[in-house]
Amino acid sequence: MRKTYNVSFFKNNTYQSHIVKSDKSPARIARYYRDVKRVNNVLGISLATSESIKHGKTIITI
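The end of the sequence shown is residue 1128 by our numbering, with every number in the run present.
This is how it looks when you write it as structure tokens:
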């Protein structure tokens, strides 16, 4: 079952966040961000709410 997560992180000294749709665990999503996206600091991964899904926010499917 695919879940929707809100992932917040620092990249290039800038706070960013993405919406991630995935059937993987939060630990595997964090590993994806470290290995593929080259993000050093994943600050948090939480289930996305209707308030966290905003117009213009990047949505990634893993």
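No residue lacks a Cβ here, since even glycine has one placed at the ideal position from N, Cα and C. Every value quoted in this text rests on a predicted model; they were computed, and no experiment measured them.
Residues bridged to residue i by DSSP?
| i | result |
| --- | --- |
| residue 1127 | 1087 |
| residue 1111 | 1073 |
| residue 1098 | For residue 1098, which the question treats as bridged, DSSP gives no partner whatsoever. |
Taking the alpha carbon of residue i as the point to measure from, which residue in the options has its own alpha carbon closest?
| i | options | result |
| --- | --- | --- |
| residue 1084 | 1095, 1091 and 1090 | 1095 |
| residue 1130 | 1082, 1068, 1067 and 1110 | This structure cannot settle anything about residue 1130, because the visible part of the chain is limited to 1067 through 1128. |
| residue 1078 | 1119, 1104, 1091 and 1127 | 1104 |
| residue 1076 | 1070, 1108 and 1117 | 1108 |
| residue 1122 | 1113, 1082, 1068 and 1069 | 1082 |
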